[in-house]
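Read the structure below first, then the notes.
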Amino acid sequence: DAGVIQSPRHEVTEMGQEVTLRCKPISGHDYLFWYRQTMMRGLELLIYFNNNVPIDDSGMPEDRFSAKMPNASFSTLKIQPSEPRDSAVYFCASSLGQGQGYEQYFGPGTRLTVT
Amino acid sequence: DQQVKQNSPSLSVQEGRISILNCDYTNSMFDYFLWYKKYPAEGPTFLISISSIKDKNEDGRFTVFLNKSAKHLSLHIVPSQPGDSAVYFCAASSNYGGSQGNLIFGKGTKLSVKP
């Protein structure tokens, strides 16, 4: 398997623009996670899905952020409108299950820069 | 407030010597702990884990120690190799409560192993 695939790898956009990040989880994994990494806050969970259904979105910073998983092999994280403070590396991860013994596999991340 | 803390942002060790990375946590409900390793431009990869019913878990050159009374865990790498140079993230999860199974990450420690 190719692992978790994320696109684009780098995104530079201007404040106010819409940004869409994409993720393809490992085939057969029922859980998909979106994380954000910043210097100030480290690696923090934004939202996760189980069988394409959003389970916990308490980490989504505000209404400008939304995530969807229309099918088992694709998820998007959208920021509209984007702001400079959204600049970060966004990771997608997938796993077979949740909790002890279930390893999360991370994608390479998307580095977002909002100017 | 950070529930998982890695107080050393960086650590430099000579090749062949022992590397000790430390992690403290505040939530006594955490019952599963993990270490992830991250190279530049890649996503974190799972390294080793430990359940709260154990105080030590070993996998080759990597050993994780858990001290529940002190709410402290450490990762030992012996002997350290230049290829171990990476950022190491400590993570914790709980099987209880509303965030059941969610991984809470520390901010990471950058390990540099000098030849």
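The listed protein sequences correspond, in order, to chains A and B. Position one of the first sequence corresponds to residue 4 (my numbering), numbered consecutively onward. Position one of the second sequence corresponds to residue 76 (my numbering), numbered consecutively onward. Here a beta-carbon is modelled for each residue, glycine too, at the ideal position from N, C-alpha and C.
Express the C-alpha separation of residue j and residue i in angstroms, rounding to a whole number.
i	j	result
Val-139(B)	Met-18(A)	43 Å
Pro-28(A)	Asp-159(B)	27 Å
Thr-41(A)	Ala-116(B)	14 Å
Ala-75(A)	Phe-109(A)	16 Å
Asp-134(B)	Gln-20(A)	47 Å
Ile-8(A)	Asp-33(A)	15 Å
Ile-128(B)	Asn-142(B)	11 Å
Gly-45(A)	Pro-119(B)	12 Å
Glu-131(A)	Asp-59(A)	Limits of chain A in this structure are 4 at one end and 118 at the other, which puts residue 131(A) out of reach.
Arg-92(B)	Ile-125(B)	23 Å
Thr-16(A)	Glu-86(A)	9 Å
Gly-104(A)	Asn-82(B)	26 Å
Tyr-171(B)	Asp-76(B)	19 Å
Ser-90(A)	Leu-109(B)	27 Å
Glu-65(A)	Gln-101(A)	25 Å
Ser-87(B)	Leu-80(A)	37 Å
May I ask you to report which of helix, strand or coil DSSP gives residue i?
i	result
Pro-64(A)	coil
Pro-73(A)	strand
Arg-2(A)	As shown, chain A starts at 4 and ends at 118. That puts residue 2(A) outside it, with no answer to give.
Asp-99(B)	strand
Below 6 Å CB to CB, which residues in the same chain sit around residue i once its five sequence neighbours on both sides are set aside?
i	result
Phe-68(A)	Ile-82
Asp-130(B)	Leu-141
Val-92(A)	Gln-40, Gly-112, Arg-114
Phe-52(A)	Leu-35, Met-72
Met-63(A)	Leu-49, Ile-50
Ile-179(B)	Gln-78, Val-79, Ala-167
Less than 8 Å between the beta carbons of residue i and residue j, yes or no?
i	j	result
Leu-115(A)	Val-56(A)	no
Lys-71(A)	Ser-61(A)	no
Ala-145(B)	Val-79(B)	no
Val-162(B)	Ser-94(B)	no
Leu-96(B)	Tyr-111(B)	no
Leu-48(A)	Asn-102(B)	no
Phe-105(B)	Ser-149(B)	no
Asp-99(B)	His-151(B)	no
Any C-beta of chain E sitting closer than 8 Å to the C-beta of residue i?
i	result
Pro-11(A)	The structure shown contains no chain E; its protein chains are A and B.
What residues in its chain sit with their C-beta under 8 Å from that of residue i, if we drop five residues either side in the sequence?
i	result
Gly-6(A)	Ile-29, Tyr-108, Gly-110
Ser-85(B)	Thr-184, Lys-185, Leu-186, Ser-187
Gly-181(B)	Gln-77, Val-79, Lys-80, Gln-81, Cys-98, Phe-164, Cys-165, Ala-166
Who are the Cβ neighbours of residue i in its own chain at under 7 Å, not counting the five residues just before and after it?
i	result
Gln-156(B)	Glu-90, Val-188
Val-153(B)	Ile-93, Arg-136
Phe-94(A)	Tyr-38, Gln-40, Phe-109, Gly-110, Gly-112
Tyr-114(B)	Ala-161
Checklist entry - Which whole runs of the beta strand (DSSP E) in the stretch 101 to 165 of chain B are 3 residues long or more, in chain order? => result 107 to 113, 120 to 126, 131 to 134, 137 to 142, 147 to 152
Checklist entry - Could you give the uninterrupted runs of the beta strand (DSSP E) lying entirely in the stretch 21 to 67 of chain A, keeping only those of 3 residues or more? => result 22 to 27, 34 to 41, 45 to 53, 56 to 59
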